[in-house]
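Inspection log for the structure reproduced underneath, given as structure tokens.
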Amino acid sequence: MSLEVSAYSVSIGSRAIVEDMAFRAEPGGIVALLGPNGAGKSSVLKGFCGLRRARGRVRLDGEDLLSMTAAARARLVGYVAQDVTHLDVQMTVFELLLLAQSGGRRSWRAPPESLARAGEILELLGLSRFADRRPGALSGGERQMIALALALVRRPRLLLLDEPTSALDLANQLQMLSAVERYTREHGVVTLTVLHDLNLATRYAASSIILRNGAIHAAGPTRDVLTPGTMQDVYGVDCRFVDIPGTSFTALFPVAIAGAGSGETAA
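Here the sequence shown stands for residues 544 to 810, numbered as in the numbering used here.
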């Protein structure tokens with residue numbers, strides 16, 4: 544199973560946000576969508592979900608997402624948005640997970656497999672302690688974790704995450720992306736995530752697609768595309784790349800606005 548995208552464009556009104564994009568994403572490893580603000584990263588995901596007007600071909604294991612009904616697409620795609628305020632509802636987290644598995648149909652008696660699945664996902668994400676809590680009583684970061692649980696509990700074949708770590712502290716960033724990496728690998732799903740923290744990308748993303756002005760600037764294994772030249776061209780900063788002793792991780796540090804010299808640090 545793979546995601547094949549070709550001649551893909553996304554627009555808001557008459558304004559094109561993403562134009563004539565083409566790439567292929569394989570299952571089993573996280574694919575990061577990277578780039579500066581306004582590059583079109585979130586719009587790529589929203590077009591896949593039907594939340595932005597899109598055209599082209601987006602095939603998941605040969606099935607065209609753009610020609611599907613919203614209901615058919617929802618059965619294949621799990622999407623976690625940046626804004627999770629919609630989770631402020633009068634249901635517990637566990638009840639929401641059961642509802643998500645039922646296709647939105649409330650039932651007084653959930654089947655045993657749905658109960659087990661909800662518990663399994665909460666345990667995977669370290670959220671079991673929130674099972675009987677209402678999302679509205681949780682922090683923004685905790686609601687982001689719940690939103691991920693709601694996406695995973697439905698067993699998506701394509702997982703789309705829009706800046707999933709933006710409201711999380713350091714420990715929960717690692718918890719979330721470690722869980723996503725494991726789930727992606729073990730279940731063979733295609734996972735695309737928008738990230739602004741490039742160090743998280745170098746640690747967790749097997750491959751990356753770097754966008755600039757609505758087009759692909761570079762794509763490939765993350766370590767191959769995140770280079771000093773790319774950082775200058777796309778982000779406008781000079782960076783140092785440092786291998787972390789005793790690990791397989793590489794960290795990058797912005798040290799100056801590109802062309803400004805080492806005396807001017809990046810904001």
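By construction, the Cβ of each residue, glycine as well, lies at the ideal position given by its N, Cα and C atoms.
{"query": "beta-carbon residue 751 near the ligand FMN non-hydrogen atom, thresh 7 Å", "result": "Questions concerning the ligand FMN fall outside what the structure shown contains, since it holds no ligand whatsoever."}
{"query": "Rounded separation between residue 791 and residue 723 - CA only", "result": "19 Å"}
{"query": "Rounded C-alpha distance that separates residue 559 from residue 583", "result": "10 Å"}
{"query": "Secondary structure of residue 709, DSSP reduced to three states", "result": "coil"}
{"query": "Inter-residue CB distance, residue 776 and residue 585 (contact presumed, cutoff 8 Å)", "result": "Actually they do not touch by this definition, with Cβ atoms about 21 Å apart."}
{"query": "CA nearest to the CA of residue 762, picked from 644, 562 and 577", "result": "577"}
{"query": "Runs of alpha helix (DSSP H) wholly within the region 731-805 (minimum 4 residues, chain order)", "result": "741-747 and 765-768"}
{"query": "Where residue 616 sits in the DSSP three-state scheme", "result": "helix"}
{"query": "Cβ-based neighbour list, residue 781, same chain, cut-off 6 Å, excluding 5 preceding and 5 following", "result": "798, 799 and 801"}
{"query": "In chain order, each beta strand (DSSP E) run of at least 3 residues that lies wholly inside the region 668-729", "result": "701-705"}
{"query": "Secondary structure of residue 657, DSSP reduced to three states", "result": "helix"}
{"query": "DSSP three-state assignment for residue 666, whether helix, strand or coil", "result": "helix"}
{"query": "Selection from 607, 551 and 556 that minimises the alpha carbon distance to residue 587", "result": "551"}
{"query": "Span separating the alpha-carbon of residue 786 from that of residue 614", "result": "45 Å"}
{"query": "Cβ-Cβ separation, residue 699 to residue 789 (assumed contact under 8 Å), whole Å", "result": "Their Cβ separation, rounded to whole angstroms, is 35 Å, which puts residue 789 and residue 699 out of contact at 8 Å."}
{"query": "Extent of the continuous beta strand (DSSP E) run through residue 643", "result": "Segment 636-644 is the alpha helix (DSSP H) holding residue 643; no beta strand (DSSP E) there."}
{"query": "Check whether residue 708 and residue 745 have beta carbons under 8 Å apart", "result": "no"}
{"query": "Within 8 Å, strictly: CB atoms of residue 753 and residue 768", "result": "yes"}
{"query": "Residues that DSSP places opposite residue 610 in a beta bridge", "result": "BP columns for residue 610 are empty, so no partner."}
{"query": "Given 8 Å, three or more beta-carbon pairs between the region 628-635 and the region 679-694", "result": "yes"}
{"query": "Pairwise C-alpha distance: residue 556 and residue 574", "result": "28 Å"}
{"query": "Residue 683, buried or exposed, once every other Cβ within 10 Å from all chains shown has been counted against 16", "result": "exposed"}
{"query": "Selected residue, minimal CA-CA separation from residue 581, among 618, 756, 663 and 727", "result": "756"}
{"query": "Assigned exposure category for residue 570 - 16 Cβ within 10 Å defines buried", "result": "buried"}
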